[in-house]
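**Student:** Each residue of the sequence shown is one higher than the last, beginning at 4 in my numbering.
Think of the CB as a built atom: it goes at the ideal place given N, C-alpha and C, for glycine as much as any other residue.
Being a predicted model, the structure only gives us computed values, none of them experimental.
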Amino acid sequence: MVQIAPPDIKTKFLRRDQTVTLKSVHFRVDWKEFEMLEEEARKRKLTPNAYAKLLHRDALANYDRRHEVLLDQLEALRGQYAELHTLLVKTAALSAGAVAAASIPPGMATSIPAPMREQVKGHITASVREGERISRAFDEGVFRVGGPDAAAD
Numbered sequence: 004m005v006q007i008a009p010p011d012i013k014t015k016f017l018r019r020d021q022t023v024t025l026k027s028v029h030f031r032v033d034w035k036e037f038e039m040l041e042e043e044a045r046k047r048k049l050t051p052n053a054y055a056k057l058l059h060r061d062a063l064a065n066y067d068r069r070h071e072v073l074l075d076q077l078e079a080l081r082g083q084y085a086e087l088h089t090l091l092v093k094t095a096a097l098s099a100g101a102v103a104a105a106s107i108p109p110g111m112a113t114s115i116p117a118p119m120r121e122q123v124k125g126h127i128t129a130s131v132r133e134g135e136r137i138s139r140a141f142d143e144g145v146f147r148v149g150g151p152d153a154a155a156d
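(1) Just curious, the beta strand (DSSP E) that residue 30 is in, first and last residue?
(2) When the distance is taken between beta carbons, is residue 137 closer than 7 Å to residue 95?
(3) With 16 as the cutoff for other CB atoms within 10 Å, does residue 30 come out buried or exposed?
(4) For residue 144, which residues from the same chain have a beta carbon less than 6 Å from its beta carbon, with the 5 sequence-adjacent residues on both sides left out?
(5) For residue 82, which three-state DSSP category applies?
(6) Thinking residue 44 and residue 51 are a contact (beta carbons under 8 Å), I'd like their distance in whole angstroms, please.
(7) Measuring CA to CA, which of 40, 92, 118 and 77 is closest to residue 140?
(8) Taking the C-alpha atoms as reference points, what is the distance between residue 76 and residue 82?
(9) Considering only the alpha carbon of each residue, which of 36, 54 and 131 lies closest to residue 98?
(10) Just how far apart, CA to CA, sit residue 47 and residue 78?
(11) What does the alpha-carbon distance come out to for the pair residue 90 and residue 133?
(12) Beta-carbon within less than 7 Å of residue 112's beta-carbon, same chain only, minus the 5 sequence neighbours each way: which residues are those?
(13) Measure the beta-carbon distance from residue 73 to residue 54 and round it to whole angstroms, keeping in mind my assumption that it falls under 8 Å.
(14) Measuring straight from C-alpha to C-alpha, what distance separates residue 56 and residue 80?
Pasting the structure below:
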C-alpha cells in the first residue's frame with residue numbers, strides 16, 4: 004500500500020525567506036523489513052528514512068545504468084547484424100556470379116589437349132575477374148538488396 008503525502012509540504016533551508024517545496028512518498032513495510040532497514044541504517048549512521056531514500060535512489064540509478072548498458076548492447080548487435088546480413092547477401096551474389104561466369108567445359112578430370120587447357124584457364128581467369136567486378140559493384144551499391152524484384156538483381 005502506497006500513501007502519497009500532499010504536494011505542498013514545505014521545508015526550510017539556509018535562510019528563513021527561502022523555502023523549497025518537496026514531494027513525499029510513504030509506503031508501509033512489515034516489522035521484520037523495518038528492523039532490517041533500521042539495522043542497516045544504524046551501521047551507516049543514518050536514520051531509517053534517510054537509508055530508505057538512499058536505497059531508492061540507488062535502485063533507480065542502477066536501473067538507469069542497466070538500461071543504458073542494454074541499449075548499448077542492442078545497438079552493437081544491430082550493427083553486427085547489419086554487417087552479417089550485408090556479407091551474406093554479397094556472398095550469395097558472388098556465388099551466383101561465379102556459377103554463371105565459370106561455365107567450364109566437361110572433361111576437366113581427364114587429360115585435355117593444350118589448346119583446350121588454355122581455354123579453361125581463360126574461363127577461370129574470366130570468372131575471377133567477373134567475381135571482382137561483382138564484388139566492386141556490390142560495394143558501390145549497384146545491387147538492390149531485398150527489393151520487390153529481388154530476382155532481377
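**Tutor:** Answer, in terms of the structure:
(1) 28 to 30
(2) no
(3) exposed
(4) none
(5) helix
(6) 5 Å
(7) 92
(8) 10 Å
(9) 131
(10) 39 Å
(11) 18 Å
(12) No answer about residue 112 holds up, because its pLDDT of 48 lies below 50 and its placement is not dependable.
(13) Going by Cβ atoms, the distance from residue 73 to residue 54 rounds to 28 Å, so no, they are not a contact pair.
(14) 36 Å
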